[in-house]
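K.L.:
Residue numbers (the working numbering): 1 to 169. Backbone N, C-alpha and C fix where the C-beta goes; we use that ideal spot for every residue, glycine too. Everything numeric in this text was worked out from a predicted model, so none of it was measured. Have a look at this one before I ask anything.
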């Protein structure tokens, strides 16, 4: 039992309980190695998160991250997997995404999950979400690092144009 507990802790983010970066890379590597088709990766970043830490303190910020992770996880379909990459960044491994419209639909569900304000202390605070999604039509020779770099680049484009939406590549 202790061994299983330690393995769980090694693969999960201690704050939010979702998978961590190392665990996500392993899941992505497995999917790529299995030559899984219709795969997509979403790189998500909370918009305007830093002011919450600055204004309300890190404990309040942690509460928002826990709630955000729970909301994002609840918006996913069975089999899709979410991880916290660090800070206010999350990634999602999406299975069975046969075309860009399917990816957009899933992104919309994630964006919707974040539209409800967060209760921070006595105040309601709204946070946006920016999402960069990469669909993998051909996984041949693609590494987890390649995929994450492409998803991160898509996310960067969203952030640079004001955030609060998703782009599918």
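Over the uninterrupted beta strand (DSSP E) stretch that includes residue 42, give me the two end residues.
P.N.:
Sequence index remark: in the chain shown, residue 42 carries index 42 (1-based). Looking at the DSSP string, the run of the beta strand (DSSP E) that includes residue 42 is 39 to 47.
K.L.:
I'd like the span of the beta strand (DSSP E) that includes residue 128, first residue to last.
P.N.:
As a first step, residue 128 is located in the chain shown; it is residue number 128 there, counting from the start. Taken as a continuous stretch (DSSP letters only), the beta strand (DSSP E) holding residue 128 covers 128 to 136.
K.L.:
Quick test of your reading: residue 46 and residue 127, contact by CB under 8 Å. State the CB separation rounded to the nearest angstrom.
P.N.:
Mapped onto the chain shown, residue 46 falls at position 46. Mapped onto the chain shown, residue 127 falls at position 127. Rounded, the Cβ-Cβ distance is 5 Å, consistent with contact.
K.L.:
Under 7 Å, do residue 16 and residue 69 count as touching if we go by C-beta distance?
P.N.:
Counting from one through the chain shown, the residue named residue 16 turns up at place 16. Counting from one through the chain shown, the residue named residue 69 turns up at place 69. Contact: yes.
K.L.:
What residue does the beta strand (DSSP E) around residue 89 start on, and which one ends it?
P.N.:
Here residue 89 refers to the residue found at position 89 of the chain shown. Residue 89 -> beta strand (DSSP E) spans 89 to 94.
K.L.:
In whole angstroms, what is the alpha-carbon distance linking residue 147 and residue 41?
P.N.:
Within the chain shown, the letter at position 147 stands for residue 147. Within the chain shown, the letter at position 41 stands for residue 41. Distance between the alpha carbons of residue 147 and residue 41 is about 7 Å.
K.L.:
So if DSSP puts residue 166 in a beta bridge, which residue, or which two residues, is it bridged to?
P.N.:
Reading the chain shown from its first residue, position 166 is the one you call residue 166. Beta-bridge pairing links residue 166 to 131.
K.L.:
Assuming contact is defined by CB atoms lying nearer than 7 Å, are residue 13 and residue 84 in contact in what I supplied?
P.N.:
In the chain shown, counting from the first residue as 1, residue 13 sits at position 13. In the chain shown, counting from the first residue as 1, residue 84 sits at position 84. For residue 13 and residue 84, yes; Cβs fall inside 7 Å.
K.L.:
Rounded to whole angstroms, what is the Cα-Cα separation between residue 39 and residue 105?
P.N.:
By one-based count along the chain shown, residue 39 stands at place 39. By one-based count along the chain shown, residue 105 stands at place 105. Distance between the alpha carbons of residue 39 and residue 105 is about 14 Å.
K.L.:
Less than 8 Å between the CB atoms is what I'm expecting for residue 108 and residue 92, so what's the real figure, rounded?
P.N.:
For the purposes of this step, residue 108 is identified with residue 108 of the chain shown, where counting begins at 1. For the purposes of this step, residue 92 is identified with residue 92 of the chain shown, where counting begins at 1. 13 Å between Cβ atoms; not a contact.
K.L.:
Who pairs with residue 84 in a beta bridge, going by DSSP?
P.N.:
Translated into positions along the chain shown, residue 84 becomes position 84. The partner list for residue 84 (beta bridge, DSSP) reads 20, 90.
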